[in-house]
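S.K.: Encoded as structure tokens, here's the structure I'll be asking about.
Numbering (our numbering), first residue to last: 110 to 366.
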């Protein structure tokens, strides 16, 4: 049984969908959040739900079965040999560049936020590496009407992960170009189901040595995907998303470079 919200005398059930979600149904709750005061003076957002797309579910499953074992095998193979490994715990600034809804005067987007995470880089040779990244962010989904502030807000947790190929440029390989496949995982505090979305990732990074085994590293990762919303059987326009993660951290290289 779904939660509903009376809007101008009508009962409305909202539904959210993203093209590559593997979804787990989740019921909303009425517990207070850190934005409770704002919502008490404005209409509370309705329950949103997502439904799986069978074809995309199969595609995502096939990619997971094919790509992840290959990456794990690659990591295990190079880890067994004597090779350079970089571990980078980092702080990240999350910047969603587009609205997830922009139609009929209604807009909604995620808040900018700061998160924590890191990356593991295993070098295959002097110029090529395999890299895994992960960052956890606490944010909120804010909605507005005709640009007039926020009339609804829901807190959520976001996780951005990726498996990328890194190419080092320059004589000391301090400039890094990277790209690959990623994922966005979402878990809302109330009303909305969470899920996982497949993303494409492109990035640029660099590092500066602070010592033989420590360096300062910074990266910009862009996650590309699309999303739309549904109200009953009516679906909004599908919008392209570019979610940016700017991270900075200390790079540790056991055994030195």
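From the three backbone atoms N, C-alpha and C, an ideal C-beta is built for every residue, glycine too.
Is residue 62 buried or exposed, if buried means 16 or more other CB atoms sit within 10 Å of its CB?
M.R.: The shown model of the chain, from 110 to 366, leaves out residue 62, and the question about it has no answer.
S.K.: What do you get for residue 312, buried or exposed, if any count of 16 or more other CB atoms within 10 angstroms of its CB means buried?
M.R.: buried
S.K.: With burial defined as no fewer than 16 other Cβ atoms inside 10 Å of the residue's Cβ, what is the status of residue 223: buried or exposed?
M.R.: By the neighbour-count rule (16 or more Cβ atoms within 10 Å), residue 223 is not buried but exposed.
S.K.: Would you mind sorting residue 230 into buried or exposed? The rule is 16 or more other CB atoms within 10 Å of its CB.
M.R.: buried
S.K.: Exposed or buried, what is residue 302 when buried is set at 16 or more other beta-carbons lying within 10 Å of its beta-carbon?
M.R.: buried
S.K.: Please confirm whether residue 293 and residue 306 have their CB atoms less than 8 Å apart.
M.R.: A contact, by the Cβ cut-off of 8 Å.
S.K.: So what's residue 302 in DSSP terms, helix, strand or just coil?
M.R.: coil
S.K.: Smallest Cα separation from residue 241: which of 291, 356 and 297?
M.R.: 291
S.K.: Are the beta-carbon atoms belonging to residue 327 and residue 244 less than 8 Å from one another?
M.R.: no
S.K.: Is it buried or exposed, residue 343, if we count other Cβ atoms within 10 angstroms and call 16 or more buried?
M.R.: exposed
S.K.: Spatial neighbours of residue 213 within its chain, please: C-beta separation below 6 Å, excluding the five flanking residues on both sides.
M.R.: none
S.K.: Using alpha carbons as the reference points, say which of 276, 354, 321 and 319 lies closest to residue 329.
M.R.: 354
S.K.: Could you name the residues of the same chain whose beta carbon sits closer than 7 Å to that of residue 296, not counting the 5 residues immediately before and after it, in chain order?
M.R.: 265, 266 and 303
S.K.: Find the nearest neighbour of residue 365 within the set 333, 321 and 236, judged by alpha-carbon distance.
M.R.: 321
S.K.: Pick helix, strand or coil for residue 233, following the three-state DSSP scheme.
M.R.: If DSSP states are grouped into helix, strand and coil, residue 233 belongs with coil.
S.K.: Rounded to whole angstroms, what is the Cα-Cα separation between residue 201 and residue 345?
M.R.: Going by the C-alpha atoms only, they are around 31 Å apart.
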